[in-house]
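Residue numbers (the numbering used here): 9 to 144.
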Amino acid sequence: MSTILRTLRNLRSIGLKEYGHQMQYMGDTKRGTLIAMDRYGNKYYENLEEELPLRTRWVDYKNKEYDASQIEPGWHAWMSYLVDKPPSEDKIMQRQLRSWEPKEHRPVLTASNSAYKPYNTTKNKYSAWKPAATPR
């Protein structure tokens, strides 16, 4: 959470619309330079001047799902401070779309209703107890 002075300074710097967007989706206000946008539409920002250490980089997700699988591997390494240069500037990290990579993002469905549920063909060892109320 930010201080009142920092919040007011960010409000003046980023504008009312972006301030409302950040408060709704991040719960905090940040200002920084737009580093790049990846092919999924996520925007990556950095502010080295007034942020706390290891909180200087952040992502504004295109889809407001907040799932780490929405970040490409090169950008994930940059967000985790594993590399200093973002993939848009680093020649080694720049990579083209390979034939086996998906063309668009597919979310991870593990904790959703669409998650894979295996079908079991074996008989149960135990049967469920069915209480029977006797009439009085």
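Glycine residues also receive a C-beta, built at the ideal position from the N, C-alpha and C atoms.
Environment of residue i [buried if 16+ CB atoms lie within 10 Å]
i, result
"Ile12", "exposed"
"Tyr52", "buried"
"Lys132", "Reading the sequence as shown, one finds Asn at residue 132 and not Lys. When all chains shown are included, Asn132 counts as exposed."
Any non-hydrogen atom of the ligand SAH within 6 Å of residue i CB
i, result
"Ser96", "As far as ligands go, the structure on display features none, and thus does not contain the ligand SAH."
Three-state secondary structure assigned by DSSP to residue i
i, result
"Tyr27", "helix"
"Tyr33", "helix"
"Ala136", "coil"
"Trp108", "coil"
Residue from the options whose Cα sits closest to the Cα of residue i
i, options, result
"His29", "Arg47, Lys72, Tyr48, Ala140", "Lys72"
"Pro61", "Ser21, Arg114, Ser88", "Ser88"
"Pro94", "Ala44, Glu109, Lys111", "Ala44"
"Lys153", "Arg20, Arg39, Glu58, Gly49", "With the chain covering only 9 through 144, there is no way to say anything about residue 153."
CA-to-CA distance, residue j to residue i, given in whole angstroms
i, j, result
"Met134", "Tyr74", "Here the sequence assigns Tyr to residue 134, which means Met is not the residue at that position. Approximately 41 Å, taken between the alpha carbons."
"Pro143", "Trp137", "19 Å"
"Lys25", "Gly35", "14 Å"
"Thr129", "Ser122", "21 Å"
"Gln78", "Tyr27", "23 Å"
"Arg47", "Tyr69", "12 Å"
Identity of the residues DSSP links to residue i by a beta bridge
i, result
"Arg39", "In DSSP, Arg39 forms no bridge with anything."
"Asp98", "Looking at the DSSP assignment, Asp98 forms no beta bridge with any residue, so it has no partner."
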